[in-house]
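Going by UniProt numbering, the letters in the sequence shown line up with residues 1 to 195, in that order.
We treat Cβ as the ideally placed atom computed from N, Cα and C, and that holds for glycine.
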Amino acid sequence: MAGFRCTGIRLFNPAIFTDAEPEPEPAAAPGGHGGSSQVQQVEVNTTPAGPRKTHTIQRKRRATAILTDTPVKRALEEEKTAKFRKVKLRNGLFKISDTRNKVEAISVELEEAKKKVAKFQKQCEEYLVIIAQQKREADEQQGGHTIRRKRRAAAILTDTPVERALEEEKTAKLKVRQTNINKKGSKRADKNHTD
Numbered sequence: 001m002a003g004f005r006c007t008g009i010r011l012f013n014p015a016i017f018t019d020a021e022p023e024p025e026p027a028a029a030p031g032g033h034g035g036s037s038q039v040q041q042v043e044v045n046t047t048p049a050g051p052r053k054t055h056t057i058q059r060k061r062r063a064t065a066i067l068t069d070t071p072v073k074r075a076l077e078e079e080k081t082a083k084f085r086k087v088k089l090r091n092g093l094f095k096i097s098d099t100r101n102k103v104e105a106i107s108v109e110l111e112e113a114k115k116k117v118a119k120f121q122k123q124c125e126e127y128l129v130i131i132a133q134q135k136r137e138a139d140e141q142q143g144g145h146t147i148r149r150k151r152r153a154a155a156i157l158t159d160t161p162v163e164r165a166l167e168e169e170k171t172a173k174l175k176v177r178q179t180n181i182n183k184k185g186s187k188r189a190d191k192n193h194t195d
């Protein structure tokens with residue numbers, strides 16, 4: 001026990017060690033001679049540390065309770081769910097009223113659009129009737145004969161001499177065909193008149 005006292009260690013239970021046990025050898029102070037048996041006492045200043053800065057998180061103050069009893073736990077859980085339901089209901093009602101307002105505005109716009117569509121449809125029908133009448137009148141003025149032309153397929157023509165030559169050749173062939181057809185038609189007509 002005496003060895004512990006000189007080191008400054010105090011035991012919680014001093015009855016563990018007895019004085020009959022051998023004492024530890026005293027330690028030499030640093031900087032002393034290696035072989036000397038003299039012990040220098042070193043004074044140690046033990047002052048408490050200064051105040052430390054602590055970082056605290058700002059939290060809401062709540063009543064603390066030890067939740068060991070299940071009825072208390074159930075009551076708190078029911079209270080929590082009731083608050084959640086109220087918030088959810090409030091948000092849901094807001095969304096419903098907002099969508100109702102939007103639907104009403106859209107329905108008004110839809111009615112206006114339907115009126116415009118009906119008006120334009122009537123105008124379209126009137127114009128179609130006028131166009132049909134004008135077409136009939138034009139056909140009657142031409143003597144009931146309408147000129148029908150063959151539609152040519154659209155072709156992309158480049159500005160090269162080969163393309164121009166091909167086009168000229170096509171037109172020449174068409175002219176020859178037309179003259180042949182006209183000659184045959186006139187021969188038939190002559191035969192019919194002579195018979």
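Alpha-carbon to alpha-carbon, residue j and residue i
i      : j      : result
Glu109 : Arg100 : 14 Å
Ala138 : Val129 : 14 Å
Val42  : Thr7   : 11 Å
Glu168 : Arg177 : 14 Å
Glu111 : Lys88  : 35 Å
Arg152 : Ile131 : In this predicted model, Arg152 has a pLDDT of only 45, less than 50, meaning its place in the structure is not dependable enough to derive any value.
Lys175 : Ile181 : 10 Å
Thr146 : Glu140 : The pLDDT assigned to Thr146 is 47, lower than 50, so where the model puts this residue is not dependable, and the model offers no usable value.
Gln133 : Gln123 : 15 Å
Asn45  : His55  : 29 Å
Asn91  : Pro48  : 56 Å
Ala118 : Lys183 : 57 Å
Thr179 : Lys115 : 60 Å
Secondary structure of residue i, DSSP reduced to three states
i      : result
Ile130 : helix
Pro161 : helix
Glu43  : coil
Ala118 : helix
Ile57  : coil
Arg52  : coil
Any non-hydrogen atom of the ligand NAP within 6 Å of residue i CB
i     : result
Asn91 : Looking for the ligand NAP in the displayed structure turns up nothing, as the structure carries no ligands at all.
Where residue i falls, given that 16 or more other Cβ within 10 Å makes a residue buried
i     : result
Lys86 : exposed
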